[in-house]
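Visitor:
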Amino acid sequence: MVRASALKPSSKFFLRKHRKWPVSTYNTRWHRIFNQNQAFQSLKKSSPPPENQPHLLLPTLVYSFNTYNVDPTPEAYHFVLKTLTKTSQFDHIAPVLRRLETVEKFDTPEHIFAHLIGFYGRWNRTQDAIDLFYRILRFRCVPSALSLNALLYVLCGSCEGLKLVPEILLRSHVMGIRLEESSFRILIDALCAIGKVGYAIDIMNCMMNNGYGLNVKICSLILSSMCEQKDSEGVDVMEFLGEMQKLGFCPGMMDYSNVIRFMVKQGRGLDALNVVIKMKGEGIKPDVICYTMVLHGVITEGDFKKADQVFDELLVLGLVPDVYTYNVYINGLCKQNKVESGLMMISSMEELGCKPNLITYNILLKALCNNGELRRARELMREMTLNGVGVNLQTHRIMLDGLFGKGDIEEACVFMEEMLDKVLVRFCSSFDEVIYGLCHRGLACKAMELLKKMIDKNVAPGAKAWEALLLSSGSEPSLEETTWTGLVEPMVALP
DNA sequence: AGTCCCTACG
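In structure tokens form, the structure reads like this:
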């Protein structure tokens, strides 16, 4: 039999015109593809329900293609494997792979393995994923970063998996896989997520040594991870930033915000201020959030002169302070004992169209209480309610601490009872203070009454309350044994 | 994304 395709194009044309015998239709390429399509359609139609008869999927594949007298296609195998993975039929995947490896001759497309590796990963079958990755070459497939990345995703999902990464990378090298930027990215993401920023930096350096340029997103990610670390020094962060800038990294607003937040949390408000100066030098206008954080940092450091400068500067830059900015500023005024100025800010804010919120009032209430101006504190609390600003547990705690601190234990008791009736609270250290105070004034009976009420309302007394009551029980004849057992029993059930 | 309070035990 002469195959038309084996002949030169010119003679092919000659034969078509003058041939004496028909070319076998079954040997033409298009017919083979047609039959393979038919077989694939028949496989899809006659596929047994995988939930009940997964073992019949492979025989159906073989049968369908045999019927059409063609070899099975990679797509048909992918269909069978996808059907099995959709229904989590682990045990029936192995025979399909075995046949794909030993019987079939075609080059298996890599995406089939990437899909399977991901599937094993989702079901925590890390070892299956690794085994398949190592086997890929036996399927006449040249693996690339596609399958490697699929495996890296799986391994990066757990700490145990992450430990296997170095071995996999060495093996990938032997398998001829070239690491892509995406592969590095997966590793850096994973390391940052578990707080191993130092290793993430190593990987980034390794990436750049491999000829990849500086990646802005990776830089930002590492910087933000450094800023989330509790133990990293501010110097480290600035050092890293400087190094990256030398390599061409241009930090954006978000990067600088992260650095400023980090500095302020470390109590380095003046360093944070320097970051703002650096931003301006680079032509980036810090936003009101950056300024609010810096203002907060500078006030925490007690540099109120700088704080005023910072506030003026943001106004000069045309930024509009919002309630966060005002709250920070008012807090600064209160720390300088300028409570009157702080109270005046409330009306200024309202004139400027910025409504004071719960936090604004809490700051001022605390300042008034600290100054012993409890009557004005009560007035302000009333005022805030009138202005439609609700109170919260903090507000009550501030008031209770104020009443107690002023030495008005009677009023503190009344207030505490009100709180227990009105406020949803599980624990409040101020309650302990009241009980402690009562015991030390020889008022253990009142203390006991409040303690009972706390337990009644499901509020847990702290160690300080229990200790005070136990110590005063000796000198207080009215506390009987039954009272104690009656109290201790429900206490056991407390959260 | 940033403000008040501080979320107690080893």
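At position 243 of the first sequence (counting the first as 1) the number is 243 in full-length UniProt numbering, and the numbers step up by one without a gap. For each residue, glycine too, the CB sits at the ideal point set by N, CA and C.
(1) Thinking just about the alpha-carbon of each residue, which of Gln336, Trp30, Leu155 and Ala444 is nearest to the one in Gly302?
(2) Between Gly213, Cys227 and Asn215, which has its C-alpha nearest Gly198's C-alpha?
(3) Are Thr108 and Phe133 closer than 8 Å when you measure CB to CB?
(4) Mapping the DSSP letters down to three states, classify Glu449 as helix, strand or coil.
(5) Taking Met207 as the reference, give the member of Ser182, Leu380 and Ala190 with the closest Cα.
(6) Under 8 Å, do Ala39 and Thr83 count as touching if we go by C-beta distance?
(7) How many angstroms separate the CA atom of Val275 from the CA atom of Lys446?
(8) Determine the contact status of Leu322 and Val288, defining contact as a CB-CB distance below 8 Å.
(9) Which residues in the same chain have their Cβ closer than 7 Å to the Cβ of Ser257, if we skip the five residues on either side of it in sequence?
(10) Would you mind listing the alpha helix (DSSP H) stretches within the segment 44-110 that are 4+ residues and don't spill past its ends, in chain order?
(11) Quick one: residues in its chain with C-beta nearer than 6 Å to the C-beta of Phe415, no 5 flanking neighbours on either side, listed in chain order?
(12) Grouping DSSP H, G and I as helix and E and B as strand, with all else coil, what is Ser257?
(13) Please report the residue range of the alpha helix (DSSP H) in which Ala272 lies.
(14) By the 10 Å Cβ neighbour count, where 16 or more other Cβ atoms means buried, how is Met419 classified, buried or exposed?
(15) Between the beta-carbon of Thr360 and the beta-carbon of Asn327, is there less than 8 Å?
(16) Are the CB atoms of Gln36 and Thr87 nearer to each other than 8 Å?
(17) According to DSSP, is Trp123 helix, strand or coil?
(18) Candidates Asn69, Ser46 and His296: which alpha carbon is nearest Phe34's?
(19) Starting from the N-terminal side, write out each stretch of the alpha helix (DSSP H) that is 4 residues or longer and does not extend beyond the segment 177-225.
(20) Can you grab the Cα-Cα spacing for the pair Leu58 / Gly161, in whole Å?
(21) Tell me whether Pro344 is buried or exposed, calling it buried when 16 or more other Cβ atoms sit within 10 Å of its Cβ.
(22) From Leu56 to Ser220, what does the alpha carbon distance come to, in whole angstroms?
(23) Output needed for Ser46: all residues of its chain with C-beta closer than 8 Å, excluding positions within five of it in sequence on either side, in chain order.
(24) Taking the continuous alpha helix (DSSP H) assigned at Val425, which residues delimit it?
(25) Decide if Gly248 is buried, meaning its Cβ has at least 16 other Cβ atoms within 10 Å, or exposed.
(26) May I ask which residues mark the beginning and end of the alpha helix (DSSP H) holding Gly297?
(27) Is Leu137 closer than 8 Å to Glu110 when the C-beta atoms are compared?
(28) Identify the continuous alpha helix (DSSP H) that holds Asn327 and give its terminal residues.
(29) I need the straight-line Cα distance from Cys159 to Leu270, nearest angstrom please.
(30) Quick one: what does DSSP say Asp231 is sitting in, helix, strand or coil?
(31) What residues in its chain sit with their C-beta under 8 Å from that of residue 579, if we drop five residues either side in the sequence?
(32) Kindly indicate which three-state DSSP category Val389 falls into: helix, strand or coil?
(33) Given that a residue counts as buried once 16 or more other Cβ atoms are within 10 Å of its Cβ, and exposed if not, what is Leu315?
(34) Alpha carbon to alpha carbon, what distance is there between Glu51 and Leu169?
Guide: With the structure as the only source:
(1) Gln336
(2) Cys227
(3) no
(4) helix
(5) Ser182
(6) no
(7) 55 Å
(8) Correcting the residue type first, residue 322 is Asp in the shown sequence and not Leu. Result yes, Cβ atoms of Asp322 and Val288 sit closer than 8 Å.
(9) Ile289 and Cys290
(10) 57-67, 74-86 and 93-102
(11) Leu400 and Leu403
(12) helix
(13) Gly269 to Gly281
(14) buried
(15) yes
(16) no
(17) coil
(18) Asn69
(19) 181-193 and 197-209
(20) 32 Å
(21) A small fix is needed here, since residue 344 is Met in this sequence, not Pro. So Met344 ends up on the exposed side.
(22) 52 Å
(23) Thr60 and Ser64
(24) Unbroken run through Val425: none, as it is neither H nor E.
(25) exposed
(26) Val288 to Thr300
(27) no
(28) Val323 to Lys335
(29) 39 Å
(30) coil
(31) Given a span of 1 to 495 for the chain in the structure shown, any question on residue 579 remains unanswerable.
(32) coil
(33) exposed
(34) 37 Å
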